[in-house]
Amino acid sequence: EPEVTQTPSHQVTQMGQEVILRCVPISNHLYFYWYRQILGQKVEFLVSFYNNEISEKSEIFDDQFSVERPDGSNFTLKIRSTKLEDSAMYFCATPGQGALGANVLTFGAGSRLTVL
Amino acid sequence: GENVEQHPSTLSVQEGDSAVIKCTYSDSASNYFPWYKQELGKGPQLIIDIRSNVGEKKDQRIAVTLNKTAKHFSLHITETQPEDSAVYFCAVSISGYALNFGKGTSLLVTP
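For the protein sequence lines, the chains are A and B, in the order given. In terms of the numbering used here, the first sequence opens at residue 127 and continues consecutively. In terms of the numbering used here, the second sequence opens at residue 108 and continues consecutively.
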């Protein structure tokens with residue numbers, strides 16, 4: 127049973143358009159993380175979000191990106207003006223009770239973004 | 108920043124053989140070392156992890172060893188099965204869950 131649900135599973139957009147990716151945890155987590163994975167490459171950390179504030183972010187997470195928790199349960203990643211190089215899988219992750227015990231980082235199935 | 112190197116990038120083994128994947132890291136402050144398995148079209152799934160106060164950890168057919176002095180850790184899969192075929196990522200963390208991943212190893216287990 128997944129800890130998080132991500133929508134959309136796949137989005138195709140034109141360069142310059144805004145995109146919003148959504149993450150919904152099953153449990154009420156205070157910590158959220160966004161990662162991305164460009165096709166065939168490693169998973170890269172984007173940002174961590176705790177209690178409605180960004181707690182840590184990487185160099186990738188520039189002014190084009192933003193994160194919000196609009197209604198207390200959903201967690202969004204917004205890309206204001208997409209570029210071709212934003213094409214990637216975007217994963218939401220939360221700490222959860224995995225099979226290996228407490229406080230393991232569990233990833234959602236991801237949202238594939240294709241920028242044309 | 109942290110630099111995580113993972114080898115090999117691809118690995119092909121016969122069913123029943125063992126597979127070993129190795130990672131090195133640069134920051135001696137790193138204290139959490141998970142391994143993730145990623146199947147096609149899915150998100151990474153944690154399979155085993157180890158913390159800096161432990162040298163080795165085993166869970167059925169998989170094990171992880173850590174050498175903090177040398178700054179490397181390894182994933183060992185014994186008695187491999189075709190369903191073990193996937194991409195495996197090592198990761199390192201020194202600040203909670205902001206994981207720094209290796210580039211991945213594509214493991215193919217042939218019957």
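Note that beta-carbon positions come from the ideal geometry of N, C-alpha and C, so glycine has one too.
Hey, could you find the ends of the beta strand (DSSP E) residue i is sitting in?
i, result
"valine 78 of chain B", "Since the first residue shown for chain B is 108 and the last is 218, residue 78 of chain B is missing from the structure and cannot be characterised."
"alanine 205 of chain B", "Counting along the chain, alanine 205 of chain B falls outside any beta strand (DSSP E), and DSSP gives it neither H nor E."
"threonine 131 of chain B", "126-131"
"glutamine 140 of chain A", "Taken as a continuous stretch (DSSP letters only), glutamine 140 of chain A belongs to no beta strand (DSSP E), as it is neither H nor E."
"phenylalanine 187 of chain A", "No beta strand (DSSP E) holds phenylalanine 187 of chain A; DSSP gives it neither H nor E."
"arginine 195 of chain A", "Taken as a continuous stretch (DSSP letters only), arginine 195 of chain A belongs to no beta strand (DSSP E), as it is neither H nor E."
"alanine 198 of chain B", "193-199"
"serine 237 of chain A", "237-241"
Return yes when the Cβ of residue j is within less than 8 Å of the Cβ of residue i, no when it is not.
i, j, result
"glutamine 245 of chain A", "phenylalanine 217 of chain A", "Past the edges of chain A, shown from 127 to 242, lies residue 245 of chain A, and the structure says nothing about it."
"proline 218 of chain B", "glutamate 146 of chain B", "no"
"serine 125 of chain B", "isoleucine 184 of chain B", "yes"
"lysine 210 of chain B", "histidine 179 of chain B", "no"
"isoleucine 205 of chain A", "phenylalanine 191 of chain A", "yes"
"valine 169 of chain A", "proline 151 of chain B", "yes"
"glutamate 112 of chain B", "threonine 131 of chain B", "yes"
"serine 213 of chain B", "serine 116 of chain B", "yes"
"valine 145 of chain A", "threonine 208 of chain A", "yes"
"valine 216 of chain B", "threonine 176 of chain B", "no"
"valine 130 of chain A", "leucine 242 of chain A", "no"
"leucine 182 of chain B", "valine 171 of chain B", "yes"
"glutamate 182 of chain A", "alanine 205 of chain B", "yes"
"isoleucine 154 of chain B", "leucine 173 of chain B", "no"
"leucine 231 of chain A", "tyrosine 159 of chain A", "yes"
On the DSSP bridge assignment, give the partners of residue i in chain order.
i, result
"glutamate 163 of chain B", "B:Thr172"
"serine 207 of chain A", "According to DSSP, which records beta bridges pairwise, serine 207 of chain A is partnered with nothing at all."
"proline 151 of chain A", "A:Val130"
"proline 151 of chain B", "Partner(s): none; proline 151 of chain B has no beta bridge."
"proline 141 of chain B", "B:Asp156"
"proline 221 of chain A", "A:Leu231"
"glutamine 121 of chain B", "B:Thr217"
"serine 181 of chain B", "B:Lys129, B:Thr172"
"serine 213 of chain A", "Answer is none; serine 213 of chain A lacks a bridge partner."
"threonine 284 of chain A", "What the structure shows of chain A is the stretch from 127 to 242, and residue 284 of chain A is not part of that stretch, so it cannot be assessed."
"threonine 212 of chain B", "B:Tyr195"
The ligand ADP and residue i: does any heavy atom of the ligand fall closer than 7 Å to the residue's C-beta?
i, result
"valine 127 of chain B", "Inclusion of the ligand ADP in the displayed structure is not the case, the ligand content being empty and no account of it being possible."
Going along chain C, which residues have a C-beta under 9 Å from residue i?
i, result
"glycine 162 of chain B", "Looking at the structure shown, chain C is missing, and the protein chains on hand are A and B."
Is the region 135-150 of chain A touching the region 184-200 of chain A in the sense that three or more CB pairs, one from each, lie closer than 8 Å?
yes
I want to know whether the region 228-242 of chain A touches the region 159-166 of chain B - three or more CB-CB distances under 8 Å.
No, because fewer than three Cβ pairs between the region 228-242 of chain A and the region 159-166 of chain B fall closer than 8 Å, the two stretches do not touch.
With a cut-off of 8 Å, do at least 3 Cβ pairs link the region 166-175 of chain A to the region 127-142 of chain B?
no
Within the region 151-183 of chain A, ranges of the alpha helix (DSSP H) (whole runs, at least 4 residues)
none
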